[in-house]
Amino acid sequence: MRVEPVQNALAEFRWIHGARPSVSVRRFKLRGFAIMARILIAGCGDVGAALGQNLRAAGHEVWGLKRRPADLPAAIQPLAADLTDPGSLSRLPPELDYIVYSAAAAGFSEAQYRAAYSDGPRNLLAALRETGQQPQRLLFASSTSVYGQQQGEWVDEASPAVADGFSGRCIRAGEQALWDSPWPSVAVRFGGIYGPGRTRLIDSVREGTATRPTG
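Every position in the sequence shown, counted from 1, becomes a number in the working numbering once 328 is added.
Spelled out as structure tokens, the structure:
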């Protein structure tokens, strides 16, 4: 299993967003990312669209893959496809340099999580192989739900990722699919994403039900 320290992964992700690169990211510049790259964002929702606009502003060529891409920002080239439908993935742009997998489940059920995070990555990887792609790196937008620790323990990239719930298990399966692929891959395990339609954490603070971690 290929795992990079989380600080390296986050540094790479921050640099993709346009922040100042750290030393760990400069080696990716030497491998060609500083010049125009061809980048596919698979599952181009709110997070993917924000990333895509920053990448395009930095001079890169960006495609956004989603079932209904009409609402994508103009800076992102639309690609209509369904990650759960292998047949729809045969029209990938050629010679892609980087792939960002940033899909979201359609709802909170095991079947929906399996479709988005387990089946989707495998379908995309199969399409990359079938179309002869040789990307330099794959990036998987993951979650700290892959960890089973629920008692306030500290976790880092060396902590066991053995989730108790179906959501974490499905996401962990997607990570593993990328790590088992022939291409360099990294998972960024986000602790939480908030924004339109995702206000649970903010609501808990407003309602006075949020608790402060101990330790």
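For each residue, glycine too, the CB sits at the ideal point set by N, CA and C.
All figures in this text were calculated on a predicted structure; none of them were measured in a lab.
**Prompt:** Terminal residues of the continuous beta strand (DSSP E) containing L411?
**Reply:** Per DSSP, L411 lies in no beta strand (DSSP E) segment and is marked neither H nor E.
Kindly indicate which residue of A454, F518, A538 and I367 has the alpha-carbon position closest to the one of E485. F518
Taking only three categories from DSSP, how would you classify E503?
Here E503 sits in helix by DSSP.
Among M364, G476, A443 and P406, which residue has its Cα nearest to the Cα of A386?
Among M364, G476, A443 and P406, the Cα nearest to that of A386 belongs to M364.
Could you spell out the range, first to last residue, of the alpha helix (DSSP H) harbouring E438?
E438 to Y441
Proximity below 8 Å, CB of A408 to CB of P397: yes
Do the CB positions of P463 and I427 come within less than 8 Å of each other? Yes, the Cβ-Cβ distance between P463 and I427 is below 8 Å.
Measure the C-alpha to C-alpha separation of T545 and T459 and round it to an integer number of angstroms.
-> No answer is possible for residue 545: the residues shown for the chain start at 329 and end at 543.
request  = Measuring alpha carbon to alpha carbon, tell me which of A432, A443, V483 and S430 ends up nearest P414.
outcome  = A443
(message) On a Cα-Cα basis, can you pick out the residue from A454, R419 and G476 that is closest to K394?
(response) Among A454, R419 and G476, the Cα nearest to that of K394 belongs to R419.
| message | Tell me the DSSP secondary structure of E458 in three-state form. | response | helix
message = Could you check whether L411 and N382 sit closer than 8 Å to each other, using their CB atoms as the reference points?
response = Taking 8 Å as the Cβ cut-off, N382 and L411 do not qualify as a contacting pair.
Check: With 16 as the cutoff for other CB atoms within 10 Å, does W391 come out buried or exposed?
Finding: Buried, since its Cβ has 16 or more Cβ neighbours within 10 Å.
Report task. Excluding the 5 residues preceding and the 5 following Y429 in the sequence, name in chain order all residues of the same chain whose CB lies nearer than 8 Å to its CB. Result -> A370, G371, G448, P449, L452, L466, L467, F468, A469, G502 and L506
Name the DSSP beta bridge partners of V533, please? Partner(s): none; V533 has no beta bridge.
Could you have a look at Y475 and say whether DSSP puts it in helix, strand or coil?
coil
ask   = Does the Cβ of L417 have 16 or more other Cβ atoms within 10 Å, making it buried, or fewer, making it exposed?
value = buried
>> Are the CB atoms of S473 and G496 within a distance shorter than 8 Å?
In response: yes
Among H388, L529, A378 and Q504, whose alpha-carbon lies nearest the alpha-carbon of L424? Of the candidates H388, L529, A378 and Q504, the one whose C-alpha sits nearest the C-alpha of L424 is H388.
Practice problem: Can you tell me which of I530, V490, R528 and L456 puts its alpha carbon nearest to the alpha carbon of S509? | Solution: Nearest of I530, V490, R528 and L456 to S509, Cα basis: L456.
Q.
Please report the distance separating the alpha-carbon of P422 from that of Q461.
A. 7 Å
* Asked: Quick one, are the C-beta atoms of A454 and Y475 less than 8 Å apart?
  -> The Cβ-Cβ distance between A454 and Y475 does not fall below 8 Å.
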